[in-house]
Amino acid sequence: MKKLFFITVLFFFSAFSRPIIADDITEFDYPFLLGNWYWFSSTEAGVESEGESYRAMHVMFKSDYVFAMRLLRIDGKIEQWSGEYDIDETNITFVTEGEEDQMHTYMLSYNQFVLDGARFTKLAPENLPGNWKTSMISGSDVDHSISELSLTLRPDFLFSAEVSNDQGKSKEHRGIYYIEDNQLVLLYEDGQHDSEFELSSNDTLTLTNTHFGMEAILQRE
Numbered sequence: 271m272k273k274l275f276f277i278t279v280l281f282f283f284s285a286f287s288r289p290i291i292a293d294d295i296t297e298f299d300y301p302f303l304l305g306n307w308y309w310f311s312s313t314e315a316g317v318e319s320e321g322e323s324y325r326a327m328h329v330m331f332k333s334d335y336v337f338a339m340r341l342l343r344i345d346g347k348i349e350q351w352s353g354e355y356d357i358d359e360t361n362i363t364f365v366t367e368g369e370e371d372q373m374h375t376y377m378l379s380y381n382q383f384v385l386d387g388a389r390f391t392k393l394a395p396e397n398l399p400g401n402w403k404t405s406m407i408s409g410s411d412v413d414h415s416i417s418e419l420s421l422t423l424r425p426d427f428l429f430s431a432e433v434s435n436d437q438g439k440s441k442e443h444r445g446i447y448y449i450e451d452n453q454l455v456l457l458y459e460d461g462q463h464d465s466e467f468e469l470s471s472n473d474t475l476t477l478t479n480t481h482f483g484m485e486a487i488l489q490r491e
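Next up, the structure:
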């Protein structure tokens, strides 16, 4: 039976039937939490907490349950600490050596994190968002009829991707993406795909998947 070209591009758009690799971030129970979150005060006076006024806050969450936090005071000084965290559906607890555990209520979406009423926004790595189109796709699992992949990564962590073949047919997916270090995960209605990414310059994005033995080089449009 002739393969459907959009199914054979397993690297991007198949619904995975293989077991998830143990150290893959797709195993993490709260994937939208991963990344760098920022809060900024809406006033010059900042927001007061425990006798100090703060202008901005940055918190980073990793899939190994480690966090790092930095707070910018209105006097320009920076407070920072790190440790481990525990999380369930409604509460997150920060555990720092030598300090009492701090439990907070939270709400989470793919790009918004509300911590005790303070709204944080997730920011993508510099130069990753944009419109990308392949200059090369190679790999043993790639259908030779595939002619092009177009990928749009938005700063708000939404994406769209379109695969085209040499007969002019195309398949589009839309969804949400999240990242940790150099790993990129695309979530869409029919499944998910994870790959490693590298920004060689502002205009070249390389996606690789060693499991499928595939590499795609994309240029910024």
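Heads up, the sequence shown is in the working numbering, so the first residue is 271 and it goes up one at a time. All C-beta atoms in this analysis are idealised placements derived from N, C-alpha and C, irrespective of residue type, glycine included.
Rounding to the nearest angstrom, what Cα-Cα distance links residue i and residue j in this structure?
| i | j | result |
| --- | --- | --- |
| Ala292 | Trp351 | With a pLDDT of only 35 at Ala292, under 50, the local geometry of the prediction cannot be trusted, and the value read off the model is given with reservation. The straight-line gap from Cα to Cα measures roughly 29 angstroms. |
| Phe302 | Phe390 | 13 angstroms |
| Leu423 | Asp299 | 23 angstroms |
| Glu466 | Lys439 | 27 angstroms |
| Ala486 | Ile357 | 36 angstroms |
| Gln489 | Val433 | 15 angstroms |
| Phe429 | Glu491 | 15 angstroms |
| Asp371 | Phe310 | 24 angstroms |
| Thr377 | Val455 | Note on identity: in this sequence residue 377 is Met, with Thr being the wrong assignment. So the two alpha carbons sit approximately 22 angstroms from each other. |
| Pro425 | Glu369 | 35 angstroms |
In the DSSP assignment, find the beta strand (DSSP E) that holds residue i and state where it starts and stops.
| i | result |
| --- | --- |
| Asn435 | Leu428 to Asn435 |
| Ala486 | Met484 to Arg490 |
| Gly445 | Ser440 to Glu450 |
| Asp464 | Gly461 to Ser471 |
| Leu454 | Gln453 to Tyr458 |
| Thr474 | Thr474 to Asn479 |
Taking residue i as the reference, which of the options has the closest Cα?
| i | options | result |
| --- | --- | --- |
| Lys332 | Asn397, Tyr448 and Ser430 | Tyr448 |
| Ala338 | His328, Ser470, Asp451 and Phe429 | His328 |
| Thr474 | Ala431, Phe429, Ser405 and Gly353 | Ser405 |
| Asp460 | Gln453, His443, Glu450 and Ser471 | His443 |
| Asp334 | Gly305, Asp436 and Ile348 | Gly305 |
| Glu354 | Thr360, Ile446, Tyr376 and Met330 | Met330 |
| Asp436 | Asn452, Gln453, Ala394 and Glu418 | Glu418 |
| Asp451 | Lys441, Ile344 and Leu469 | Leu469 |
| Leu342 | Asp464, Thr375 and Glu314 | Glu314 |
| Pro395 | Gln382, Gln453, Gln462 and Met484 | Gln453 |
| Asp345 | Ala326, Val336 and Asp464 | Ala326 |
| Ser241 | Arg340, Leu393, Ala388 and Phe427 | A query on residue 241 cannot be resolved here, the shown segment of the chain reaching from 271 to 491 and no further. |
Q: Report yes or no: do three or more beta-carbon pairs, one from the segment 356-365 and one from the segment 396-408, lie closer than 8 angstroms?
A: Pairwise C-beta distances place the segment 356-365 out of contact with the segment 396-408, as fewer than three of them are shorter than 8 angstroms.
(Q) Report the start-end ranges of each beta strand (DSSP E) in the segment 309-372 that is 3 residues or longer and not cut off at the edges. (A) 317-319, 322-331, 336-343, 348-357 and 361-365
Q.
Check whether the segment 477-484 and the segment 315-332 touch, using three or more Cβ-Cβ pairs below 8 angstroms as the test.
A. Segments in contact, no.
Q) Can you list, in chain order, the stretches of the beta strand (DSSP E) that have 3 or more residues and sit fully within the segment 380-406? A) Every unbroken stretch of the beta strand (DSSP E) spanning 3 or more residues and falling wholly within the segment 380-406 is given here in chain order: 382-385 and 388-393.
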